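Student:
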Amino acid sequence: MPFNPLEWIVSTNAHYQPQRRPCLELKAQLDGFFSDELLASAGFVILDELPSPPRAQVAALGLDELLSPSAMGLTLADTYYLKPPAAGQLRVHFHELVHVVQWQALGTARFVERYLQEIRQHGYRQAPLEQMAYELEHRFALNPGSHFDAQARVLSLLGLY
4 MPFNPLEWIV
14 STNAHYQPQR
24 RPCLELKAQL
34 DGFFSDELLA
44 SAGFVILDEL
54 PSPPRAQVAA
64 LGLDELLSPS
74 AMGLTLADTY
84 YLKPPAAGQL
94 RVHFHELVHV
104 VQWQALGTAR
114 FVERYLQEIR
124 QHGYRQAPLE
134 QMAYELEHRF
144 ALNPGSHFDA
154 QARVLSLLGL
164 Y
């Protein structure tokens, strides 16, 4: 049976649901950047190893770069996964929440298709959806006290607002 990324995402999130923590825990630090609705619907899981689809399937798709052992976070729809060293870094939470907004704005199938295509075409660090997340993360990290509506900015950059 061929690998289905959408099924893998759903089953992975279901598997880790009991360990999922609400992003509302971060409200005090992220208020003014993300809405209460987003923080209530999004969640994160802290794991020693990030979830990973079957390596052979990922390689067959030409996406080996996604399985980097140095990766500290992974977003799957409304849930993101962090390794313990990243869990204490607010900027990493911010970055992954940008991806949650991208998922919500584009829808799961469209996001996955676009994200994987961008990785194949540009590589991980230069993929436009990643560039957007890194740029907004950097803006946040430079001055976390200077609030901006990150959700509206994502929608604008996606051409949806």
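Residue numbers (my numbering): 4 to 164.
Every residue, glycine too, gets a C-beta built ideally from N, C-alpha and C.
For clarity, every value in this text was computed on a predicted model and none was experimentally measured.
Our contact map puts residue 41 next to residue 95 with C-beta atoms below 8 Å; I'd like the distance itself, whole angstroms only.
Tutor: Going by Cβ atoms, the distance from residue 41 to residue 95 rounds to 17 Å, so no, they are not a contact pair.
Student: Note down, in chain order, each residue of its chain lying with its Cβ closer than 6 Å to the Cβ of residue 30, except the 5 sequence neighbours on either side.
Tutor: Once the five neighbours on either side are set aside, the close Cβ partners of residue 30 are 42.
Student: I'd like to know if the region 18-25 and the region 132-144 are in contact, where contact means that at least 3 CB-CB pairs between them fall below 8 Å.
Tutor: Judged by Cβ distances under 8 Å, the region 18-25 makes no contact with the region 132-144, as fewer than three pairs qualify.
Student: Would you kindly report the start and end of the unbroken beta strand (DSSP E) that includes residue 84?
Tutor: First-last of the beta strand (DSSP E) with residue 84: 82-85.
Student: Under the DSSP definition of a beta bridge, which residues are partnered with residue 25?
Tutor: 46.
Student: Between the C-alpha atoms of residue 48 and residue 85, what's the straight-line distance to the nearest angstrom?
Tutor: Distance between the alpha carbons of residue 48 and residue 85 is about 6 Å.
Student: What is the DSSP secondary structure of residue 6, counted as helix, strand or coil?
Tutor: It is coil, neither helix nor strand.
Student: Closer than 8 Å by C-beta to residue 39: which residues in its own chain qualify, once you throw out the five before and the five after it? Chain order, please.
Tutor: Here the set comprises 27 and 30.
Student: Just to confirm, are residue 53 and residue 80 a CB contact at a threshold of 8 Å?
Tutor: No, these two residues do not count as a Cβ contact at 8 Å.
Student: By alpha-carbon positions, which one of 97, 89 and 63 ends up nearest to residue 145?
Tutor: Nearest C-alpha to residue 145: 97.
Student: Just checking my contact of residue 108 with residue 158 at CB under 8 Å: how many whole Å lie between their CB atoms?
Tutor: Their Cβ separation, rounded to whole angstroms, is 6 Å, which keeps residue 108 and residue 158 in contact under 8 Å.
Student: Taking its Cβ as the centre, do 16 or more other Cβ atoms sit within 10 Å of residue 133, making it buried, or is it exposed?
Tutor: Under this definition residue 133 is a buried residue.
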